[in-house]
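Accompanying notes for the structure given below.
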Amino acid sequence: MHEFPTDKAKGLSSTTTQLSNSANSMPPGGFSQLPLITCHSCVETLSRRNLIRRIEEHEAKKKVIMGSEEESAVKEPLDLIRLSLDERIYVKLRHDRELRGKLHAYDQHLNMILGDVEEIITTVEIDDETYEEIVRTTKRTVPFLFVRGDGVILVSPPLRTA
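As structure tokens, this is what we get:
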């Protein structure tokens with residue numbers, strides 16, 4: 002423990018100037034009552050454990066308050082997708098593929114796990130004799146589907162059919 006002479010000149014009691022030699026050393030009683038703030042006539046004594054507990058409670062309250070605000074807050078584009086979790090979505094993919102299904106999970110790369118998926122593949126062929134475009138659509142239903150994010154062009158709530 003050290004006592005600094007300048008503190009006595011300022012009128013502070015010597016109990017405020019007691020410091021441990023290193024951050025790892027503790028007083029003999031562990032986290033015992035240690036004076037943290039001492040002013041001329043006012044002495045506020047808090048235990049380190051009590052102080053840590055109060056800080057943790059404050060942080061927990063802040064997280065609860067912030068958590069409820071953050072659930073509905075949209076701060077970045079992926080937050081819009083978070084709002085669609087457990088909802089049906091429409092996904093447009095490269096190579097003329099479309100998916101409609103329930104979004105179960107996603108990540109920052111837009112890899113997704115969809116359930117109860119309807120996949121529509123559109124192919125365009127040109128007739129050799131008439132040079133007309135022949136558009137074919139193929140549909141299939143998949144119970145669970147993993148979608149690799151690098152093929153995703155667009156994600157939205159499903160289009161309404163009137």
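Counted the way my numbering counts, the sequence shown spans residues 2 to 163. For each residue, glycine too, the CB sits at the ideal point set by N, CA and C. The structure presented is a predicted model; accordingly, all values stated were derived computationally and were not measured.
Who are residue i's beta bridge partners in DSSP?
i      : result
Tyr132 : Bridge partners of Tyr132: none, in fact.
Lys1   : Limits of the chain in this structure are 2 at one end and 163 at the other, which puts residue 1 out of reach.
Arg101 : Tyr91 and Glu119
Glu57  : None, per the DSSP bridge assignment.
Ala106 : Ile114
Val125 : Val136
With residue i as the anchor, note down where its alpha helix (DSSP H) starts and where it stops.
i     : result
Leu79 : Pro78 to Arg83
Check this for me: beta carbons of residue i and residue j, under 9 Å apart or not?
i      : j      : result
Val153 : Glu120 : no
Gly150 : His110 : yes
Arg89  : Pro158 : yes
Leu104 : Asp87  : yes
Am I right that residue i and residue j are in contact with their C-beta atoms under 8 Å? What's the rounded C-beta distance?
i      : j      : result
Val156 : Asn112 : Contact doesn't hold; Cβ gap of about 12 Å is too wide.
Glu130 : Arg137 : The Cβ separation is near 17 Å, so there is no contact.
Along the chain, where does the beta strand (DSSP E) containing residue i start, and where does it finish?
i      : result
Leu155 : Val153 to Ser157
At a cut-off of 8 Å, is residue i close to the ligand GDP when judged by its beta-carbon and the heavy atoms of the ligand?
i      : result
His105 : Among the components modelled here there is no ligand, and therefore nothing to report on the ligand GDP.
Select from the options the residue whose C-alpha is nearest the C-alpha of residue i.
i      : options                          : result
Leu79  : Lys62, Ala106 and Ile127         : Ala106
Leu146 : Gly102, Ile122 and Glu133        : Gly102
Glu99  : Asp87, Asp108 and Val118         : Val118
Thr123 : Glu133, Lys76, Thr139 and Tyr132 : Thr139
Asp108 : Leu81, Lys93 and Asp128          : Leu81
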